[in-house]
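Novice:
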Amino acid sequence: MNNYNSNNNTEQQDEIDSLLAGMTLREKLGQCVMIEPCFCLTERVSEEFGDDFSDVLDPAYLAMLLQEYNIGSFLFGGASRIGDGSPGAWANYLAKVDEYVDTTTHKIPLLFGIDAVHGVNFMKGSTIYTHNLAVTATWNPKLAEQYAGQVGTELSSIGFNCNFAPTVDVARDARWGRVYESLGEDPYLASEISKAMVTGMQGNGDLAACAKHFIGYGESNNGMDRTPADLSDRSILEMHAPPFEGAIEADVLTMMVSGGDVNGLPIPVAGRMLTDLLRDRLGFKGVTMSDWEDVERLHSRHKVAVDRKEAIVRSFNAGLDMNMAVANIGAVDLMEEAVQEGRISLQRLDQAVKNILRVKSKLGLFSKLPLDVERADALVGSPQSKLLARQLALESITLLKNHNDILPLATDIKSILVTGSSANSKRHLCGGWTLGWAGAEEDDLQCKTVLQALGEAVSATTQVTHVATIDELDKLDLKKQNFDVCISVVSEEPHAEWFGDSFELGLEPAEDALLRAAVATGIPVVMVSVIGRPLNVSWADANVAAMLWAFLPGTEGAEPITDLLFGRANPSGRLPISFPRDGSQIPVVYNARNYQSGEINTRYEPLYSFGYGLSYTSFEYSNLRVPAEIQTGKDVEVLIQVKNTGKVVGCEVVQLFLRDRFASVTRPLKSLKAFTRVSLPAGKSTTVSLTLTPRQLSLIDEDLNFVQQPRDIEVLIADQIGEFSIVD
Numbered sequence: 014m015n016n017y018n019s020n021n022n023t024e025q026q027d028e029i030d031s032l033l034a035g036m037t038l039r040e041k042l043g044q045c046v047m048i049e050p051c052f053c054l055t056e057r058v059s060e061e062f063g064d065d066f067s068d069v070l071d072p073a074y075l076a077m078l079l080q081e082y083n084i085g086s087f088l089f090g091g092a093s094r095i096g097d098g099s100p101g102a103w104a105n106y107l108a109k110v111d112e113y114v115d116t117t118t119h120k121i122p123l124l125f126g127i128d129a130v131h132g133v134n135f136m137k138g139s140t141i142y143t144h145n146l147a148v149t150a151t152w153n154p155k156l157a158e159q160y161a162g163q164v165g166t167e168l169s170s171i172g173f174n175c176n177f178a179p180t181v182d183v184a185r186d187a188r189w190g191r192v193y194e195s196l197g198e199d200p201y202l203a204s205e206i207s208k209a210m211v212t213g214m215q216g217n218g219d220l221a222a223c224a225k226h227f228i229g230y231g232e233s234n235n236g237m238d239r240t241p242a243d244l245s246d247r248s249i250l251e252m253h254a255p256p257f258e259g260a261i262e263a264d265v266l267t268m269m270v271s272g273g274d275v276n277g278l279p280i281p282v283a284g285r286m287l288t289d290l291l292r293d294r295l296g297f298k299g300v301t302m303s304d305w306e307d308v309e310r311l312h313s314r315h316k317v318a319v320d321r322k323e324a325i326v327r328s329f330n331a332g333l334d335m336n337m338a339v340a341n342i343g344a345v346d347l348m349e350e351a352v353q354e355g356r357i358s359l360q361r362l363d364q365a366v367k368n369i370l371r372v373k374s375k376l377g378l379f380s381k382l383p384l385d386v387e388r389a390d391a392l393v394g395s396p397q398s399k400l401l402a403r404q405l406a407l408e409s410i411t412l413l414k415n416h417n418d419i420l421p422l423a424t425d426i427k428s429i430l431v432t433g434s435s436a437n438s439k440r441h442l443c444g445g446w447t448l449g450w451a452g453a454e455e456d457d458l459q460c461k462t463v464l465q466a467l468g469e470a471v472s473a474t475t476q477v478t479h480v481a482t483i484d485e486l487d488k489l490d491l492k493k494q495n496f497d498v499c500i501s502v503v504s505e506e507p508h509a510e511w512f513g514d515s516f517e518l519g520l521e522p523a524e525d526a527l528l529r530a531a532v533a534t535g536i537p538v539v540m541v542s543v544i545g546r547p548l549n550v551s552w553a554d555a556n557v558a559a560m561l562w563a564f565l566p567g568t569e570g571a572e573p574i575t576d577l578l579f580g581r582a583n584p585s586g587r588l589p590i591s592f593p594r595d596g597s598q599i600p601v602v603y604n605a606r607n608y609q610s611g612e613i614n615t616r617y618e619p620l621y622s623f624g625y626g627l628s629y630t631s632f633e634y635s636n637l638r639v640p641a642e643i644q645t646g647k648d649v650e651v652l653i654q655v656k657n658t659g660k661v662v663g664c665e666v667v668q669l670f671l672r673d674r675f676a677s678v679t680r681p682l683k684s685l686k687a688f689t690r691v692s693l694p695a696g697k698s699t700t701v702s703l704t705l706t707p708r709q710l711s712l713i714d715e716d717l718n719f720v721q722q723p724r725d726i727e728v729l730i731a732d733q734i735g736e737f738s739i740v741d
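Be aware that the sequence shown starts at 14, since it is given in our numbering, and climbs by one per residue.
(1) So, helix, strand or coil for Lys1, using DSSP?
(2) What's the gap between the Cα of Ala731 and the Cα of Gln159?
(3) Is it buried or exposed, Leu382, if we count other Cβ atoms within 10 angstroms and call 16 or more buried?
(4) For the candidate residues Glu262, Ala203, Gly259 and Arg188, whose alpha-carbon lies nearest to that of Glu232?
(5) Between the alpha carbons of Pro281 and Asp307, how many angstroms are there, rounded?
(6) With a Cβ-Cβ cutoff of 8 Å, do Cys443 and Leu627 count as a contact?
(7) What's the call for Arg35, buried or exposed, on a 16-neighbour Cβ count within 10 Å?
(8) Can you find at least 3 beta carbon pairs, one from the stretch 585-592 and one from the stretch 536-550, that sit closer than 8 Å?
(9) Could you spell out where the alpha helix (DSSP H) holding Gly529 opens and where it closes?
(10) Straight-line CA distance for Tyr201 to Asn604?
(11) If the criterion is Cβ atoms closer than 8 Å, does the pair Leu528 and Leu518 meet it?
(12) Leaving out the 5 sequence neighbours to the left and right, which residues in its chain are closer than 6 Å to Lys41 when beta-carbon positions are compared?
(13) Going by the CB atoms, is the gap between Thr288 and Ala318 shorter than 8 Å?
(14) Ile426 and Pro537 - do their beta-carbons sit closer together than 8 Å?
(15) Around the C-beta of Ala555, are 16 or more other C-beta atoms found within 10 angstroms, so that it is buried, or is it exposed?
(16) Would you give the residue range spanned by the alpha helix (DSSP H) that Arg327 belongs to?
(17) Can you check which of these residues, Val503, Ser170 and Lys137, is closest to Ala108 by C-alpha distance?
(18) Which of helix, strand or coil does DSSP assign to Gln733?
(19) Does any heavy atom of the ligand COA sit closer than 7 Å to the C-beta of Ile730?
(20) Quick one: what's Gln26 bridged to in DSSP?
(21) Report the three-state DSSP secondary structure of Ser239 (helix, strand or coil).
(22) Among Arg185, Ala161, Leu79 and Ala473, which has the Cα closest to the Cα of Phe177?
(23) Which of the three DSSP states, helix, strand or coil, is assigned to Val372?
(24) With the cut-off set at 8 Å, would you say Leu693 and Asn636 are in Cβ contact?
(25) Under 7 Å Cβ to Cβ from Glu572, same chain only, skipping five residues before and after it: list those, please.
(26) How many angstroms separate the CA atom of Met14 from the CA atom of Pro72?
(27) With distances taken Cα to Cα, identify the nearest neighbour of Val270 among Leu384, Gln733, Lys225 and Arg724.
(28) Buried or exposed: where does Glu354 fall if 16 or more other Cβ atoms within 10 Å of its Cβ makes it buried?
(29) Look at the alpha carbon of Glu736 and the alpha carbon of Ile48, and state the distance between them as a whole number of angstroms.
(30) Out of Arg39, Lys298, Glu665 and Tyr106, state which residue places its alpha-carbon closest to the alpha-carbon of Leu384.
(31) Please tell me whether Cys45 and Asp304 are closer than 8 Å, where the distance is taken between their beta carbons.
(32) Would you check if the stretch 335-355 and the stretch 403-417 touch, i.e. whether three or more CB-CB distances between them fall below 8 Å?
(33) Which whole-angstrom value is the C-beta distance of Leu486 and Ala530, which I expect to be below 8 Å?
(34) Taking the alpha helix (DSSP H) that Phe516 falls in, what are its first and last residues?
(35) In terms of DSSP beta bridges, what is Gly126 paired with?
(36) Would you grab the beta carbon distance between Leu79 and Thr117 for me? Rounded to a whole angstrom, and I think it's under 8 Å.
What follows is the structure, encoded as structure tokens:
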């Protein structure tokens, strides 16, 4: 339950109604527009929009925004930087802006929003966490909640009260450039992580999470960012809606709308999605907002509005509450004209403003205390945040191959060859959305590289040699140096959004060439992938000795990588998304519906499937117990014995899938419905209990309703299969 600083609902609504009744039309309109306030600053380091700027305010411009245009929300883009970029500089700036609110008639507080998508990632000295796909790879909602809670606490200490996170999109196509920001391919796992992250982020009651991007953003027709998608209602409900439902269950306060075209209609003008589905069916009560300039793009890109005014009218009437207009303050004027012309009703306007004021009231903004700048400096980048980031990375990193148990390596190994420029890079550990939209500069990050962590992990007698290029590799006297193992670190150039779109899904050419050259030396190669998404690594799978997928582990990621390489920890990450064998196999997902053969054969089987991941130990499953029959509307308890049959302690992710024998509609080959992490010492066993609710046993019928139909269902856990019947 979120700890909101509000009165009870009746008192809160009375206060909002009273405030609304005293507001002019212009004051209401300003609440519905979000502006990027960089133009409030008198000094600019660069004329290029979004570059660094100083923290000196332009009082006249700020007064115009708040008094003439009555703007109710400010956002800060991915490249925003105030002053020296420190928490104190940001906190002082936001506090100064807040002072100007007192010059307005009703003193309505501002929403301050930013994209803190993997930590307070825009701020100097902050802890950069791993990205969302890796968070999902932990299969640990409790840890995800703890991480999101830490981010929320840090943000609110600076003065922010709205975070444009979490991204809860389901990614069904690995070519998409934002896969690393997504929650993977499975709707149930994504829903559980979404719910946990919203719960954590909003836990203190002074920060609004923003689930994004509603809806269908992660499955475009060609896999490219912001390109059209043709999705059936069933696909939307089964695959894409659940993570947003999870966020709504956690009482998410804001929802960012995808700017994409789904079934021939951009989501910002799709009332069927924004009103019928999101509010009426899913029960969302908060604020809907556009993404960056997406209302403007209804005119300029999608061509579904003849001018900007029509774009505002169509989106607002479809159910959009807030226009992220960025620099276009004229959106207030256009909206005012639309209301005066009767194209937007006062009733619709009042409802949107109520939604916004309700969120501000729930966050306690009407009575908030002054910021403690010293607290912000102490919290951001704290030892606690670093430990949490390290644990998150450790539990996410996934072992994909370990031929002849080459891993873990001995710390007293004689000689190690390390290849790849990213082995000695900090920025490649963090990826995009790090101190900038498309990634950080190397010198702006304070953390260890993989190479540094390796040097600290081995004994004083171990020789560690690093080469960044093929030319450097060619100059080595391999016979003389006699390396025991080669650790080949591969990566992608940090990217954001459409710059990461990939048709071929291969390693970058230079990375691929160096990896092949390393393999050609004959030295056993351990490939460490610092890459946030699945790629086509079929050649590597066939040729390297081991493969450790580290995702984009962040500023604390180097030590977890070496902890796993040398056995100080045991890999426990499990893939939240399938890896294709090659680009032609896309899309490849585990929960597709039946193929012609009735099963997935090698032609369709991914290289690594959803849920896959190895350990340094082994687990044995037995004694699956499932009731023979259950009544509709009742829970089902499933029991199974799990034993650690190896020689070291390990953590297993127990995954329960269901498969319908027959149903009234075609069903996925299997669907994840429950999971849990279990840590077991060597030789020990435990009985794991997993509960299935009526919702998890329901399906969407031909009328698109969730129903629990009588039918026979198989239970699949590892190599164990059980069956039960649902009866009336």
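The beta carbon of each residue, even a glycine, is placed where N, CA and C say it ideally should be.
Because the structure is a prediction, the values reported are computed rather than measured.
Specialist: Reading from the atomic positions:
(1) No information on residue 1 is available, as it lies outside the stretch 14 to 741 that the chain covers here.
(2) Walking along the sequence shown from the start, residue 731 turns up at place 718. Walking along the sequence shown from the start, residue 159 turns up at place 146. Cα to Cα, the separation comes out at about 29 Å.
(3) Along the sequence shown, one-based indexing puts residue 382 at 369. Exposed, since its Cβ has fewer than 16 Cβ neighbours within 10 Å.
(4) Residue numbering aside, residue 232 sits at position 219 when the sequence shown is read from its first letter. When only C-alpha atoms are compared, the closest one is Arg188.
(5) Reading the sequence shown from its first residue, position 268 is the one you call residue 281. Reading the sequence shown from its first residue, position 294 is the one you call residue 307. Computed Cα separation, rounded: 8 Å.
(6) As a first step, residue 443 must be located in the sequence shown, where it is residue number 430. As a first step, residue 627 must be located in the sequence shown, where it is residue number 614. It is not a contact, given that the beta carbons lie outside the stated cut-off.
(7) Locating residue 35 in the sequence shown gives position 22, where the first residue counts as 1. Correcting the residue identity first, residue 35 is Gly in this sequence and not Arg. So Gly35 counts as exposed.
(8) Output reads yes: the stretch 536-550 touches the stretch 585-592.
(9) Residue 529 sits at position 516 when you count from the first residue of the sequence shown. This sequence places Arg at residue 529; Gly is not what is there. Where Arg529 is concerned, the enclosing alpha helix (DSSP H) stretches over Pro522 to Ala533.
(10) Here residue 201 corresponds to residue number 188 of the sequence shown, with the count starting at 1. Here residue 604 corresponds to residue number 591 of the sequence shown, with the count starting at 1. Their Cα atoms are separated by approximately 11 Å.
(11) Here residue 528 refers to the residue found at position 515 of the sequence shown. Here residue 518 refers to the residue found at position 505 of the sequence shown. Not closer than 8 Å, so no.
(12) Numbered from its first residue, the sequence shown carries residue 41 at position 28. For Lys41, where only same-chain residues beyond five positions count, the Cβ hits under 6 Å are Leu362 and Val366.
(13) On the sequence shown, residue 318 is found 305 positions in, with the first residue counted as 1. On the sequence shown, residue 288 is found 275 positions in, with the first residue counted as 1. No, the pair does not count as a contact, with Cβ atoms beyond the cut-off.
(14) If you number the sequence shown from 1, residue 537 lands on position 524. If you number the sequence shown from 1, residue 426 lands on position 413. No, the pair does not count as a contact, with Cβ atoms beyond the cut-off.
(15) Here residue 555 is taken as the residue at index 542 of the sequence shown, counted from 1. Classification of Ala555: exposed, given that the 10 Å Cβ count is below 16.
(16) The sequence position of residue 327 within the sequence shown is 314, counting from 1. Arg321 to Ala331 is the extent of the alpha helix (DSSP H) around Arg327.
(17) One-based indexing of the sequence shown puts residue 108 at position 95. Residue Ser170 holds the alpha-carbon nearest to the alpha-carbon of Ala108 among Val503, Ser170 and Lys137.
(18) As a position in the sequence shown, residue 733 is number 720, starting the count at 1. Strand at Gln733.
(19) Among the components of this structure there are no ligands whatsoever, and the ligand COA is therefore not found.
(20) By one-based count along the sequence shown, residue 26 stands at place 13. Bridge partners of Gln26: none, in fact.
(21) By 1-based counting over the sequence shown, the position of residue 239 is 226. In the sequence as displayed, the identity of residue 239 is Arg instead of Ser. Residue state, collapsed to three classes: coil.
(22) By one-based count along the sequence shown, residue 177 stands at place 164. Closest option to Phe177, Cα to Cα, is Ala161.
(23) As a working note, residue 372 is residue 359 in the sequence shown. Looking at Val372 - three-state DSSP - the assignment turns out to be helix.
(24) What you label residue 693 is simply residue 680 of the sequence shown in a count that begins at 1. What you label residue 636 is simply residue 623 of the sequence shown in a count that begins at 1. Cβ distance not < 8 Å, so Leu693 and Asn636 don't count as in contact.
(25) By 1-based counting over the sequence shown, the position of residue 572 is 559. Only Arg403, Lys461 and Ala466 meet the Cβ criterion.
(26) Locating residue 14 in the sequence shown gives position 1, where the first residue counts as 1. Locating residue 72 in the sequence shown gives position 59, where the first residue counts as 1. With a pLDDT of only 36 at Met14, under the threshold of 50, the placement of this residue in the model should not be trusted; the figure read from the coordinates follows. Going by the C-alpha atoms only, they are around 40 Å apart.
(27) Here residue 270 is taken as the residue at index 257 of the sequence shown, counted from 1. Nearest C-alpha to Val270: Lys225.
(28) For the purposes of this step, residue 354 is taken as the residue at position 341 of the sequence shown. Classification for Glu354: exposed.
(29) Walking along the sequence shown from the start, residue 736 turns up at place 723. Walking along the sequence shown from the start, residue 48 turns up at place 35. Their backbone Cα atoms lie some 56 Å apart in a straight line.
(30) Working through the sequence shown from its first residue, we reach residue 384 at position 371. Among Arg39, Lys298, Glu665 and Tyr106, the Cα nearest to that of Leu384 is on Tyr106.
(31) The count along the sequence shown starts at 1 and reaches residue 45 at position 32. The count along the sequence shown starts at 1 and reaches residue 304 at position 291. Their beta carbons are not under 8 Å apart, which means Cys45 does not touch Asp304 by this criterion.
(32) no
(33) Counted from its first residue, the sequence shown places residue 486 at position 473. Counted from its first residue, the sequence shown places residue 530 at position 517. Indeed they touch by this definition, with Cβ atoms about 6 Å apart.
(34) Mapped onto the sequence shown, residue 516 falls at position 503. Phe516 -> no alpha helix (DSSP H), and no H or E assigned at all.
(35) Along the sequence shown, read from residue 1 onward, the residue named residue 126 stands at position 113. Paired residue(s): Leu88 and Cys175.
(36) Translated into the one-based positions of the sequence shown, residue 79 becomes position 66. Translated into the one-based positions of the sequence shown, residue 117 becomes position 104. With 8 Å as the limit, Leu79 and Thr117 qualify as a contact, their Cβ atoms being about 5 Å apart.
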